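Just so it is clear: in the sequence shown, position 41 is 1061 by this note's numbering, and no numbers are missing. Using N, Cα and C, we set each Cβ at its ideal position, and we do this for glycine too. For clarity, every value in this text was computed on a predicted model and none was experimentally measured. Have a look at the structure below, then the notes.
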Amino acid sequence: MVKYEFFTAVQAAKELGISKQTLFRYEKKRVFPAPRRNLINRWRQYSYEDINKLKEIMRGSIG
């Protein structure tokens, strides 16, 4: 069985070097794509791949 590990919004924001509020704002403004949601509590979940994609988006937006 494969175990998937996901980042919470707080953990993802920390990995990206931004606040959780900024992460949510970027999602709302569609700078970042909407993440998957936990089926039970509907919290955002970010995979390692998601984090890397968001880092690429940030580099493209800033650079």
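Pair within 9 Å by beta-carbon distance, residue i and residue j
{"i": "K1075", "j": "L1036", "result": "yes"}
Spatial neighbours of residue i in its chain, beta-carbon cut-off 6 Å, leaving aside the 5 residues before and after
{"i": "T1028", "result": "none"}
Cα-Cα separation, residue i to residue j
{"i": "P1055", "j": "E1069", "result": "11 Å"}
{"i": "R1057", "j": "K1040", "result": "16 Å"}
{"i": "Q1031", "j": "I1071", "result": "10 Å"}
{"i": "V1022", "j": "K1073", "result": "Caution applies to V1022, whose pLDDT of 49 falls short of 50 and renders its modelled position unreliable; the model cannot decide the point."}
Sequence-distant residues of the same chain with beta carbon closer than 7 Å to residue i, five excluded per side
{"i": "F1026", "result": "Q1065, Y1066, S1067"}
{"i": "E1047", "result": "A1054"}
{"i": "M1078", "result": "L1036"}
Residues near residue i by beta carbon distance below 8 Å, same chain, minus five either side
{"i": "A1033", "result": "S1039, K1040, T1042, L1043"}
DSSP beta-bridge partners of residue i
{"i": "Q1065", "result": "R1056"}
{"i": "F1027", "result": "Y1066"}
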